[in-house]
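Heads up: the sequence shown begins at 187 in the working numbering, then just goes up one per residue. Everything on this sheet refers to the single structure shown next.
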Amino acid sequence: MSPMEIEIIRRKLAVIIENLKALEPIKGMGMDEYLQDLYKRKATEKLLQKLIEAAIDINVHTMVAKGYPVPDDYYESFMRAGELGIIPSDLAQRLAPSAGLRNRLVHEYDRFEHTMVLKAVDMAEELFPRYVKAINDYLN
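Okay, structure coming up:
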């Protein structure tokens with residue numbers, strides 16, 4: 187990969203890290219408190235969407251830079267990243283469903299359970315730091 191390609195990926199990693207930090211106050215929040223604060227709900231949804239999109243961008247960019255075809259969908263971007271050794275395959279399997287959450291957040295804003303979003307915050311706090319480390323290890 188060229189230095190420019192690596193820099194693009196590092197900028198996307200910074201988006202993930204920034205959004206994870208911004209989600210910290212939401213982790214452990216009760217459903218009642220979450221539902222009562224429209225701004226926290228919308229911010230949480232957008233932060234999750236942006237960090238998932240950054241990871242998808244990294245997956246695709248890394249594959250294309252290495253000469254692999256673009257995956258057919260976002261879910262597959264994680265699965266193929268695992269198959270190609272860009273990230274551990276067990277991590278890829280656990281992160282791949284986040285592509286579906288991203289799609290729900292973007293396309294069906296009012297048609298999802300808020301409990302799903304709160305669970306996704308916990309998932310993001312658990313898995314995306316591992317993703318960031320795996321990508322940094324891959325780049326090094």
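C-beta atoms are modelled at their ideal positions from N, C-alpha and C, and glycine is treated no differently. In this text the structure is predicted, and so the values were computed from the model without any measurement.
Distance between residue j and residue i (C-alpha atoms, nearest Å)
i      : j      : result
Phe314 : Asn322 : 12 Å
Val292 : Val303 : 13 Å
Asp223 : Ala200 : 27 Å
Met215 : Asp243 : 29 Å
Thr230 : Leu221 : 11 Å
Met187 : Leu277 : 23 Å
Met309 : Ala251 : 28 Å
Met217 : Gln235 : 20 Å
Asn205 : Ala240 : 10 Å
Where residue i falls, given that 16 or more other Cβ within 10 Å makes a residue buried
i      : result
Pro257 : buried
Ser284 : buried
Ala306 : buried
Tyr260 : buried
Val318 : buried
Val246 : buried
Lys228 : exposed
Gly253 : exposed
Lys232 : exposed
Asn326 : exposed
Thr248 : buried
Lys213 : exposed
Lys198 : buried
Alpha helix (DSSP H) segment containing residue i, residue limits
i      : result
Ile321 : 300–325
Met265 : 260–269
* To do: Would you mind listing the alpha helix (DSSP H) stretches within the segment 208–258 that are 4+ residues and don't spill past its ends, in chain order?
  => 217–222, 224–251
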